[in-house]
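**Student:**
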Amino acid sequence: MPDVWADMAKKPEPLLNPGTLEPLTAEELSGIFCEELVAQELDDDTRDIEIPEEVRAYYKTYRPAPESSHAIKAAMDEAIRCQRWNKNEDPKK
Numbered sequence: 058m059p060d061v062w063a064d065m066a067k068k069p070e071p072l073l074n075p076g077t078l079e080p081l082t083a084e085e086l087s088g089i090f091c092e093e094l095v096a097q098e099l100d101d102d103t104r105d106i107e108i109p110e111e112v113r114a115y116y117k118t119y120r121p122a123p124e125s126s127h128a129i130k131a132a133m134d135e136a137i138r139c140q141r142w143n144k145n146e147d148p149k150k
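Note that my numbering has the sequence shown beginning at 58, numbered continuously upward.
1) Considering only the alpha carbon of each residue, which of E98, E84, W62 lies closest to L72?
2) Near M58, what residues of its chain come up, given a Cβ to Cβ distance below 7 Å and the 5 sequence neighbours on each side ignored?
3) Contact check, V61 vs E93 under 8 Å by CB: the rounded distance?
4) What's the gap between the Cα of D101 and the Cα of K68?
5) Determine the burial state of L78: buried for a count of at least 16 other Cβ atoms within 10 Å of its Cβ, exposed for fewer.
6) Looking only at C-alpha atoms, which of I129, M133, D105 sits nearest to A63?
7) What are the partner residues of L73, as DSSP defines its beta bridges?
8) The alpha helix (DSSP H) spanning E92 covers which residue range?
Structure (structure tokens):
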């Protein structure tokens, strides 16, 4: 699990105001995002932004680990194999 957001060495182009086609200001962004996200969006100097522990804990709770996703896929493959076998079975037998 990463502890920082994506490496922002090369930031994307700024969000534009659709009416003026100028970069959005902090005031305009505050109507969409919370204060912390506005600060992150407008920060051109910080390369790595730490992911808060509360967010990482949430991701760990609701995001399947790779090994469990492999188990789920294996179970699905088995169910599909059984389903194919049952469809090809003679219903009179």
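Ideal Cβ placement from N, Cα and C applies to all residues, glycine included.
**Tutor:** Taking the coordinates as given:
1) E98
2) Answer for M58: R113, Y116, K117, listed in chain order.
3) The Cβ separation is near 15 Å, so there is no contact.
4) 8 Å
5) exposed
6) D105
7) P80
8) 92-99
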